[in-house]
Amino acid sequence: MRVYAWVAAGSVVLPHATTLKPVPALWPPVPEGSGGTVLNALLAFFVAGLGVVNCISYSDFLSLHLVATISSGGLYGALAAWLQASSGESELRAIMRAHGELNALATELDDVSAPFLPMYLLPPLGGTALATCGFLFGSFTTNYLSLVPQIFIVFMPICLYADVLWTSSGPDMCWAAHCSGWMEWQTAPRRTLGVLMARTSRPQALTVKAFGPADREACLSVLKTWFSFLQALTNLSH
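Structure follows, in structure tokens:
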């Protein structure tokens with residue numbers, strides 16, 4: 001994840017390092033000459049430094065969040081394999097208890113992380129704002145397109161692993177229950193299995209406050225909107 005953070009930081013530095021001018025969203029361009037060129041360069045590296053610090057600072061929290069999400073999805077997968085190989089009511093009840101505890105942990109993870117997840121969207125959204133301001137101030141260049149990788153680095157992993165968590169806690173668990181030996185069981189374990197399958201109809205999901213659930217569909221929607229917007233700015237700037 002630290003590599004991801006450094007790549008994101010590089011995408012922030014590139015527009016400033018190649019133009020040696022600060023982003024117009026923060027400071028208006030300083031006239032060239034009379035020390036203006038030097039001041040522009042200093043402001044550009046100052047803004048780029050702030051971007052680097054921001055990218056590195058949230059990388060650790062993002063790492064913990066992704067590890068927790070991946071671990072939860074893996075535990076649901078192991079539970080599904082155990083359920084598919086289960087052979088009796090006592091084993092099924094143990095699976096029920098483990099499933100309830102895992103659901104509680106996944107729900108708590110969602111409650112804790114939901115308020116912080118919008119911060120991961122600040123770099124992509126900020127890149128959109130910077131590109132817009134660059135266009136409005138007449139200084140838009142293709143260097144601003146270097147902000148695009150931040151969506152792949154920051155937003156896409158969250159959506160993809162959240163989608164894995166949703167699938168493993170819902171459809172995969174339900175399929176494992178259906179493929180178990182329930183046809184050979186008595187009425188009581190069948191009833192218990194029915195309760196478990198009812199639980200899997202409400203899969204665990206990661207929500208982003210003010211944005212909704214993070215999943216593959218949300219990721220594709222954001223990518224499509226982002227590229228359409230930047231393409232429009234690029235066409236209008238020529």
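Just so we're aligned, residue 1 is where the sequence shown starts under UniProt numbering, counting upward by one. Even for Gly, the Cβ is constructed at its ideal location relative to N, Cα and C.
>> DSSP three-state label for Gly212, please.
In response: Stepping through the sequence shown from its first residue, residue 212 is reached at position 212. In this structure, Gly212 counts as strand in the three-state DSSP scheme.
> What span of residues does the alpha helix (DSSP H) with Gly100 cover, start to end?
Replying inline: On the sequence shown, residue 100 is found 100 positions in, with the first residue counted as 1. That run of the alpha helix (DSSP H) goes Glu89 to Ser113.
> Just to confirm, are Asp172 and Ala80 a CB contact at a threshold of 7 Å?
Replying inline: Within the sequence shown, numbered from 1, the residue matching residue 172 stands at position 172. Within the sequence shown, numbered from 1, the residue matching residue 80 stands at position 80. In this structure, Ala80 lies closer than 7 Å to Asp172 by Cβ.
> Anyone know if the C-beta pair for Leu66 and Tyr161 falls short of 7 Å?
Replying inline: Within the sequence shown, numbered from 1, the residue matching residue 66 stands at position 66. Within the sequence shown, numbered from 1, the residue matching residue 161 stands at position 161. Their beta carbons are under 7 Å apart, which means Leu66 touches Tyr161 by this criterion.
> Taking all protein chains shown into account, do 16 or more other C-beta atoms lie within 10 angstroms of the C-beta of Ser201, making it buried, or fewer, making it exposed?
Replying inline: For the purposes of this step, residue 201 is identified with residue 201 of the sequence shown, where counting begins at 1. The residue is exposed, with fewer than 16 neighbouring Cβ atoms inside 10 Å.
>> With distance defined between alpha-carbon atoms, name the residue in Ser87, Lys224 and Phe155 nearest to Ser63.
In response: The residue given as residue 63 occupies position 63 in the sequence shown. Ranking the options by Cα distance to Ser63, first place goes to Phe155.
> Does the beta carbon of Gly100 fall short of 6 Å from some heavy atom of the ligand ATP?
Replying inline: Ligands in the displayed structure: none, and consequently the ligand ATP is not present.
>> Checking the sheet assignment: what are the DSSP bridge partners for residue 247?
In response: Nothing in the structure corresponds to residue 247, since the chain is present only between 1 and 238.
>> With three or more C-beta pairs closer than 8 Å as the rule, is the stretch 80-98 touching the stretch 185-203?
In response: yes
>> DSSP three-state label for Arg191, please.
In response: By one-based count along the sequence shown, residue 191 stands at place 191. In the structure shown, Arg191 sits in a helix (DSSP, three-state: H, G or I).
> So what's Gly73 in DSSP terms, helix, strand or just coil?
Replying inline: Locating residue 73 in the sequence shown gives position 73, where the first residue counts as 1. Note: Gly73 maps to helix in three-state DSSP.
> Using DSSP with H/G/I as helix, E/B as strand and the rest coil, what is Ala25?
Replying inline: In the sequence shown, counting from the first residue as 1, residue 25 sits at position 25. Because the pLDDT of Ala25 is 45, which lies under 50, any placement of that residue in the model is unreliable, and the question is left without a value.
> Secondary structure at Gln186, three-state DSSP: helix, strand or coil?
Replying inline: Position 186 of the sequence shown holds residue 186. Three-state result, Gln186: coil.
> In this structure, does DSSP put Arg202 in helix, strand or coil?
Replying inline: What you label residue 202 is simply residue 202 of the sequence shown in a count that begins at 1. Coil at Arg202, not helix or strand.
> By Cβ distance below 7 Å, which residues in the same chain neighbour Thr69 in space, the five residues on each side in sequence not counted?
Replying inline: Within the sequence shown, the letter at position 69 stands for residue 69. Correct list, in chain order: Tyr161, Ala162, Leu165 and Leu206.
> Under a Cβ-count criterion, where at least 16 other Cβ atoms within 10 Å of its own Cβ denotes burial, should Gly88 be classed as buried or exposed?
Replying inline: Here the question's residue 88 lines up with position 88 in the sequence shown. Its Cβ having fewer than 16 others within 10 Å, Gly88 is exposed.
> Whose C-beta lies closer than 6 Å to the C-beta of Pro203 among residues of the same chain, with five residues either side of it excluded?
Replying inline: Counting from 1 along the sequence shown, the entry for residue 203 is found at position 203. Result list for Pro203: Trp166, Ser169 and Gly170, in chain order.
>> With H, G and I counted as helix, E and B as strand and the rest as coil, what does DSSP make of Thr225?
In response: Stepping through the sequence shown from its first residue, residue 225 is reached at position 225. The answer is helix: DSSP assigns Thr225 an H, G or I state.
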